[in-house]
Amino acid sequence: MDLSLSTRTVGDRTVVEVGGEIDVYTAPKLREQLVELVNDGSYHLVVDMEGVDFLDSTGLGVLVGGLKRVRAHEGSLRLVCNQERILKIFRITGLTKVFPIHTTVEEAVAATD
1 MDLSLSTRTV GDRTVVEVGG EIDVYTAPKL REQLVELVND GSYHLVVDME GVDFLDSTGL
61 GVLVGGLKRV RAHEGSLRLV CNQERILKIF RITGLTKVFP IHTTVEEAVA ATD
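Going left to right, the sequence shown walks through residues 1 to 113 as the UniProt record's numbering numbers them.
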(Lines of atoms letter the chains of each structure in order from A; the text may use other names.)
(Lines give C-alpha, C1' and ligand atoms only; values in the text may rest on other atoms or scores of the structure.)
Protein backbone atom coordinates (compact mmCIF):
# COMPACT_ATOMS: atom_id res chain seq x y z
CA MET A 1 0.00 0.00 0.00
CA ASP A 2 1.24 3.45 -0.85
CA LEU A 3 0.81 6.76 0.94
CA SER A 4 -1.40 9.54 -0.40
CA LEU A 5 -0.94 13.13 0.75
CA SER A 6 -2.86 16.29 0.00
CA THR A 7 -2.96 19.67 1.68
CA ARG A 8 -5.53 22.41 1.97
CA THR A 9 -5.98 25.53 4.04
CA VAL A 10 -8.87 25.87 6.47
CA GLY A 11 -8.84 29.23 8.24
CA ASP A 12 -5.33 29.72 9.62
CA ARG A 13 -4.59 25.98 9.64
CA THR A 14 -2.99 23.79 7.02
CA VAL A 15 -4.71 20.41 6.81
CA VAL A 16 -2.62 17.48 5.62
CA GLU A 17 -4.85 14.60 4.53
CA VAL A 18 -3.03 11.30 4.79
CA GLY A 19 -4.22 8.02 3.32
CA GLY A 20 -2.80 4.52 3.18
CA GLU A 21 0.03 3.20 5.32
CA ILE A 22 2.58 5.23 7.27
CA ASP A 23 5.49 2.84 7.68
CA VAL A 24 9.24 2.62 7.24
CA TYR A 25 8.83 2.81 3.44
CA THR A 26 6.31 5.66 3.20
CA ALA A 27 7.13 7.78 6.28
CA PRO A 28 9.90 9.76 4.50
CA LYS A 29 7.26 11.09 2.09
CA LEU A 30 5.21 12.41 5.02
CA ARG A 31 8.34 13.83 6.69
CA GLU A 32 9.24 15.72 3.49
CA GLN A 33 5.72 17.16 3.31
CA LEU A 34 5.78 18.36 6.93
CA VAL A 35 9.28 19.86 6.59
CA GLU A 36 8.26 21.64 3.39
CA LEU A 37 5.13 23.11 5.01
CA VAL A 38 7.06 24.41 8.01
CA ASN A 39 9.80 25.83 5.75
CA ASP A 40 7.06 27.62 3.79
CA GLY A 41 5.72 29.21 6.99
CA SER A 42 2.84 26.89 7.88
CA TYR A 43 3.18 26.49 11.64
CA HIS A 44 -0.36 25.38 12.55
CA LEU A 45 -0.93 21.95 11.08
CA VAL A 46 -3.78 19.47 11.27
CA VAL A 47 -2.88 15.95 10.15
CA ASP A 48 -6.06 14.19 9.05
CA MET A 49 -5.42 10.47 9.56
CA GLU A 50 -8.93 9.21 8.86
CA GLY A 51 -7.68 7.47 5.71
CA VAL A 52 -4.69 5.81 7.39
CA ASP A 53 -4.83 2.00 7.39
CA PHE A 54 -1.57 1.32 9.20
CA LEU A 55 0.87 3.25 11.38
CA ASP A 56 4.21 1.98 12.71
CA SER A 57 6.91 3.43 14.95
CA THR A 58 8.58 5.17 12.00
CA GLY A 59 5.34 7.00 11.30
CA LEU A 60 5.03 7.98 14.96
CA GLY A 61 8.57 9.33 14.82
CA VAL A 62 7.72 11.49 11.80
CA LEU A 63 4.69 12.94 13.61
CA VAL A 64 6.76 13.69 16.73
CA GLY A 65 9.42 15.31 14.52
CA GLY A 66 6.73 17.42 12.86
CA LEU A 67 5.44 18.51 16.25
CA LYS A 68 8.94 19.57 17.32
CA ARG A 69 9.36 21.56 14.09
CA VAL A 70 6.12 23.55 14.48
CA ARG A 71 6.69 24.12 18.21
CA ALA A 72 10.06 25.71 17.36
CA HIS A 73 7.94 28.39 15.61
CA GLU A 74 5.29 28.65 18.39
CA GLY A 75 3.05 26.48 16.21
CA SER A 76 0.81 23.47 16.76
CA LEU A 77 0.19 20.06 15.27
CA ARG A 78 -3.19 18.44 15.86
CA LEU A 79 -4.25 15.00 14.72
CA VAL A 80 -7.62 13.87 13.41
CA CYS A 81 -8.21 10.20 14.06
CA ASN A 82 -11.28 8.21 15.01
CA GLN A 83 -10.12 4.71 14.13
CA GLU A 84 -9.74 2.60 17.24
CA ARG A 85 -6.80 0.55 15.92
CA ILE A 86 -4.78 3.72 15.24
CA LEU A 87 -5.87 5.46 18.46
CA LYS A 88 -4.74 2.39 20.40
CA ILE A 89 -1.16 2.94 19.15
CA PHE A 90 -1.21 6.51 20.51
CA ARG A 91 -2.58 5.31 23.86
CA ILE A 92 -0.04 2.47 24.22
CA THR A 93 2.88 4.79 23.46
CA GLY A 94 1.59 7.57 25.71
CA LEU A 95 1.42 9.98 22.78
CA THR A 96 -2.19 10.91 23.62
CA LYS A 97 -0.56 13.19 26.21
CA VAL A 98 1.64 14.77 23.53
CA PHE A 99 -0.77 15.25 20.62
CA PRO A 100 -4.21 16.83 20.71
CA ILE A 101 -6.33 14.19 18.94
CA HIS A 102 -9.71 15.17 17.49
CA THR A 103 -12.49 13.23 15.78
CA THR A 104 -13.09 15.68 12.90
CA VAL A 105 -11.09 18.24 10.94
CA GLU A 106 -13.63 20.90 11.89
CA GLU A 107 -13.10 20.16 15.59
CA ALA A 108 -9.32 20.28 15.20
CA VAL A 109 -9.41 23.58 13.30
CA ALA A 110 -11.71 25.17 15.91
CA ALA A 111 -9.69 23.93 18.91
CA THR A 112 -7.58 26.39 20.86
CA ASP A 113 -5.67 23.90 23.04
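Every residue, glycine too, gets a C-beta built ideally from N, C-alpha and C. Keep in mind the model is a prediction, meaning the values are calculated, not measured.
query = Any idea what DSSP makes of Ser42, helix, strand or coil?
reply = coil
inquiry  = Can you look up Thr103 in the DSSP assignment and give me helix, strand or coil?
reply    = coil
query = Considering only the beta carbon of each residue, do Val47 and Val24 sit closer than 8 angstroms?
reply = no
ask   = Among Leu77, Gly94, Thr26, which one has its Cα closest to the Cα of Thr58?
value = Thr26
task = Indicate whether Leu3 and Gly20 have their beta-carbon atoms separated by less than 8 angstroms.
result = yes
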